[in-house]
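In this note's numbering, the protein residues as written are 600 to 1004.
The beta carbon of each residue, even a glycine, is placed where N, CA and C say it ideally should be.
Right, here's the structure in full:
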């Protein structure tokens, strides 16, 4: 019960009391007039709500984070009584506020359409569409709402692949363990040819050479190029919801950008996602980038293990790894020490630190890491948010309506 209805009921009670006390018919007439107004308002709000139909067009099933969906809302109702405005509640992709309310006005038996912009600020899988309808009378005495009859649509908001330079990896020049990454795989002979200057004696096929009376050497299959290990930090982030989602978006997009750069350069990529439901992705060509994007869109930042423990586990598994990309929003001494050990082992390391407030002691650690030969990048997660938000208008304000025949 709102203030207007409360005041109306108080006035009706006062008029009825005055009529009973004085017997004057005017008070009874005014009371009946207000009662008729209240009943008509009640009927108008209910009739409008029961007959209203709202549909939404323009929602795509898959978008990239930061995209805006230009949707069209079509509203129609069949109430013969004068009605007030309609309030449409939309489920939209978002952080702290995942709902959007739009107030529209439509005459009876007339279909009106309204343009509305829906922003997609964060990655994830969302239900988008009209979730609730509300109708009120023209005097503002009553407002009733109900759940929208149409089912919501699924919208996948994928992370963007940030622009990044690939790390050049050489199969024969990656440190003290170059033998395991040699350009030829000695366990896989492929053919035999005549001796050439510069061939190694251990490759000579002595039995065949004696039979043919000339030196013959074995050739071997070229081993696969060294792969790149991309390890995003999936530990839980303690922050406000919007800040948390922005940091998660930045980590996923930095990791996806590194994957894209390495795949386009021709280097195989492996990406372990150590959340509560661990999985590991691998790819060799840029055509497989969509699989990485899908996994990063759905992954939860709920790893039960600290990031340093994940790095140590990956460090013990690095046999043919030529490079490692570490993406984290928390820079610790242990993380830097593990990265330096990887670099000393002959693995090219790139550390991407997601932060907008670098600490002095952290910058000193990064300088030590740079001196060891590692690549260090610092990314402000809110720089991209400001660029996407610049020039945007409030998504809750509907534009000029236009009729649809």
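- Residue 932 places its beta carbon 7 Å or farther from that of residue 907.
- Collapsing the DSSP output to three states places residue 873 in coil.
- For residue 849, same chain residues with a beta-carbon under 8 Å away, outside a window of 5 residues either side, are 928, 953, 978, 980, 983 in chain order.
- Per the C-alpha coordinates, the member of 960, 958, 972 positioned closest to residue 950 is 972.
- Spatial neighbours of residue 911 in its own chain (CB-CB distance under 8 Å, excluding positions within 5 residues in sequence) are listed in chain order as 937.
- In the structure shown, residue 826 adopts extended strand secondary structure according to DSSP, grouped into three states.
- Within the same chain, Cβ atoms closer than 6 Å to the Cβ of residue 640 are found at 736, 738, 740, 741, the five residues on either side in sequence being excluded.
- Going by DSSP, residue 906 is part of the alpha helix (DSSP H) stretching over 906–915.
- DSSP places residue 621 in the uninterrupted alpha helix (DSSP H) bounded by 602–621.
- It is roughly 22 Å from the alpha-carbon of residue 726 to the alpha-carbon of residue 890.
- Of the other Cβ atoms in all chains shown, fewer than 16 fall within 10 Å of the Cβ of residue 884; this residue is therefore exposed.
- The straight-line gap separating the alpha-carbon atoms of residue 870 and residue 731 is approximately 41 Å.
- Closest in alpha carbon position to residue 878, among 897, 724, 803, is 897.
- Here residue 715 is buried. Its C-beta has 16 or more other C-beta atoms within 10 Å.
- Going by beta carbons, residue 847 and residue 761 fall outside the 7 Å limit.
- In summary, residue 915 is exposed, with fewer than 16 beta-carbon neighbours lying within 10 Å of its beta-carbon over all protein chains present.
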